[in-house]
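These notes concern the structure reproduced below.
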Amino acid sequence: MLCLTFEVGENRYAIDANEIIEVVPLVNFTTFPKAPSYFAGRFNYRGEIVPVLDLKDLMMSFQTKMYLSTRIIVVKYETDGEIHQLGLLGEKVMDIIRIRDDELQDPGLITEETRYLGRLINLKSGVVQLITVKELIPPFVRESLFRDVKED
């Protein structure tokens, strides 16, 4: 499996390339007053308005730092049988790595709040943990992000 790696704080994570539409450079977002801190805003992606969530804020309650390597990872996000586009703001979006299933290890402790954390791979450069995009967003966030789509 091919995976895109990035950092959140001091930890390295990866997303399966099959879940990714495109990785785009940082752009200006449209922000909303009184939005939760993990909601970075929305941006125009190829004619579609796409919500962007701050991965670091969602996972660790700290805002993403704007490095030259900070990117928007546009992913396919399925909810209620529909596929939506979702932007994930990631720090130090690095490279694509190839992982074999036999290299993956059980992550150990997973809680209700960390269901998005998947299996681990031990690379020479350190441990990388897979993220399951579908589990990344808590239900109450998912509802508010895609509510207008459901009401149409």
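Going by this note's numbering, the sequence shown opens with residue 422, and the numbers climb by one from there.
Quick reminder that beta carbons are idealized off the backbone N, C-alpha and C, glycines included.
| query | Taking the alpha-carbon positions, what's the residue 488 to residue 448 distance? | reply | Start at 1 with the first residue of the sequence shown, and residue 488 comes out as number 67. Start at 1 with the first residue of the sequence shown, and residue 448 comes out as number 27. Rounded to whole angstroms, residue 488 to residue 448 spans 13 Å at the Cα level.
| task | Indicate the three-state DSSP secondary structure (helix, strand or coil) for residue 514 in the structure shown. | result | In the sequence shown, residue 514 corresponds to position 93, counting from 1. In this structure, residue 514 counts as coil in the three-state DSSP scheme.
| request: Can you grab the Cα-Cα spacing for the pair residue 451 / residue 523, in whole Å? | output: Taking the sequence shown and counting its residues from 1, the one referred to as residue 451 is at position 30. Taking the sequence shown and counting its residues from 1, the one referred to as residue 523 is at position 102. Roughly 43 Å separates the two Cα atoms.
| How close, in whole Å, do the beta carbons of residue 428 and residue 512 come, if the pair is a contact with beta carbons under 8 Å? | Position 7 of the sequence shown, counted from the first residue, corresponds to residue 428. Position 91 of the sequence shown, counted from the first residue, corresponds to residue 512. So it is a contact: roughly 5 Å between Cβ atoms.
| message | Just verifying my parser: in three-state terms, what is the DSSP assignment at residue 447? | response | In the sequence shown, the residue the question calls residue 447 occupies position 26. It is coil, neither helix nor strand.
| Taking buried to mean at least 16 other C-beta atoms within 10 Å of its own C-beta, is residue 446 buried or exposed? | Working through the sequence shown from its first residue, we reach residue 446 at position 25. Exposed, because fewer than 16 other Cβ atoms sit within 10 Å of the Cβ of residue 446.
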